[in-house]
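Using the numbering used here, you'd call the opening residue of the sequence shown number 828 and step up by one each time.
Built from N, CA and C at the ideal position, the CB exists for glycine as well.
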Amino acid sequence: MYKFDGVDIKTFGATPGKVPGECLAISGIFDMPKRIGETEHNWGSSIEPFVDKEDIEIDGRTITLVAIVAASHIVDFKKKAIACRVLGTAFGDFNVIQRDAIVVEKHADISIVTVKFWHPEYHTVPLSISPSGGSGMLIDNYNLISDFGIYMKYKSGVNDTAKRIDINTTARYSNSEYRELSDMIFTGHLKAASMQDAYSKMMQFHSLCLSPGIRTFSDAGNKKHKVYFKDEIRCKAVMDGLLSFDLKMRRLND
């Protein structure tokens, strides 16, 4: 069920559709927004990540709703979408602003309408699960499989060497010893008993990634890396209880 300011969209002649390539009418609610503001400082010989609580400022995110709307209700539906300030879903209510184009794809006497809402104030939930430890991939002592249902494999960047740190100077600069931070990128899937369970697990994972401090990532070979997270996580709801996503970790130099 989806609502505009507490009113079911069925009242406006609409039924939930499907986001292309996904199993739900909505996308974006599983996404973790990126950090904004200054996240690192270049000291010339090292890069300092800013990971204190007061440093962590989080961007908003886009929530997309796809609806099938009767032709006679298109105008009213779009007006209600534009006026909407609270988007109601089975996963909770979200304070939103409708600021992007509304796309209408006509099909005989119905239309597929794609509405993008901006969710400007994202907040993490309390990290309430206890770390289970064990073997395999871990962040701090949280086991990605046991604690979050997350299965990951390397995509790129694991064996890369970051480019050298450049400094502003008019003199010839030939030092190549000091290196920027590098990114490790993974493809991941979150498996859960239901979409509600997947949402809960992903929100807990967001809270771990965005918590203050440097994290310790233990890879499948038990090699440990100091990392932090500043990039968004964009998720696809592939099927009931299954999310797919890419995850980027910012790795500190050893």
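Cutoff 6 angstroms; reference residue i; Cβ partners in own chain excluding five residues on either side
{"i": "L965", "result": "S1045"}
{"i": "A898", "result": "D936"}
{"i": "G976", "result": "L1017, K1018, A1019 and K1028"}
{"i": "K905", "result": "I929"}
{"i": "K880", "result": "P1039"}
Start and end residues, alpha helix (DSSP H) containing residue i
{"i": "A973", "result": "Per the sequence shown, residue 973 should be read as Ser rather than Ala. Here the alpha helix (DSSP H) through S973 covers L971 to F975."}
Beta strand (DSSP E) segment containing residue i, residue limits
{"i": "K1075", "result": "L1069 to R1078"}
{"i": "A933", "result": "Note on residue identity: the sequence assigns Lys, not Ala, to residue 933. First-last of the beta strand (DSSP E) with K933: V930 to H934."}
{"i": "M1066", "result": "C1062 to M1066"}
{"i": "F857", "result": "From DSSP, F857 is part of no beta strand (DSSP E); its letter is neither H nor E."}
{"i": "H946", "result": "I937 to H946"}
CB contact flag (residue i, residue j, <8 angstroms)
{"i": "G1015", "j": "M979", "result": "yes"}
{"i": "I929", "j": "V913", "result": "no"}
{"i": "S1034", "j": "T916", "result": "no"}
{"i": "V896", "j": "V940", "result": "yes"}
{"i": "P953", "j": "D967", "result": "no"}
{"i": "A1020", "j": "G1068", "result": "yes"}
{"i": "I853", "j": "V846", "result": "yes"}
{"i": "L1079", "j": "V1054", "result": "yes"}
{"i": "A1064", "j": "L851", "result": "yes"}
{"i": "F921", "j": "Y1026", "result": "no"}
{"i": "A841", "j": "A910", "result": "no"}
{"i": "H900", "j": "F831", "result": "no"}
{"i": "G855", "j": "T891", "result": "yes"}
Residues near residue i in its chain [Cβ-Cβ closer than 7 angstroms; skip 5 each side]
{"i": "W945", "result": "G887, T889, V923, I924 and R926"}
{"i": "I1060", "result": "D858, M859, F1072 and L1074"}
{"i": "Y981", "result": "F1013"}
{"i": "P843", "result": "Y829, A852 and A894"}
For residue i, the three-state DSSP class (helix, strand or coil)
{"i": "T838", "result": "helix"}
{"i": "C850", "result": "coil"}
{"i": "P953", "result": "coil"}
{"i": "S1009", "result": "strand"}
{"i": "F829", "result": "For the sequence presented, residue 829 should be read as Tyr rather than Phe. Coil."}
{"i": "P843", "result": "strand"}
{"i": "N922", "result": "strand"}
{"i": "M964", "result": "coil"}
Cutoff 8 angstroms; reference residue i; Cβ partners in own chain excluding five residues on either side
{"i": "T997", "result": "Low local confidence applies: a pLDDT of 48 at T997 is under 50, so the model's placement there is unreliable, with the coordinate-based value given in what follows. Excluding sequence neighbours, T997 sits near nothing in its chain."}
{"i": "L1008", "result": "E867, I874, P876, A989, R1077, R1078, L1079 and N1080"}
Curious, which full-length alpha helix (DSSP H) runs of at least 4 residues does the stretch 1013 to 1056 contain? Listed in chain order, the alpha helix (DSSP H) elements of length 4 or more contained wholly in the stretch 1013 to 1056 are 1022 to 1036.
Restricting to runs no shorter than 4 residues, where is the alpha helix (DSSP H) found entirely within the stretch 861 to 918? List check, alpha helix (DSSP H) in window: 901 to 910.
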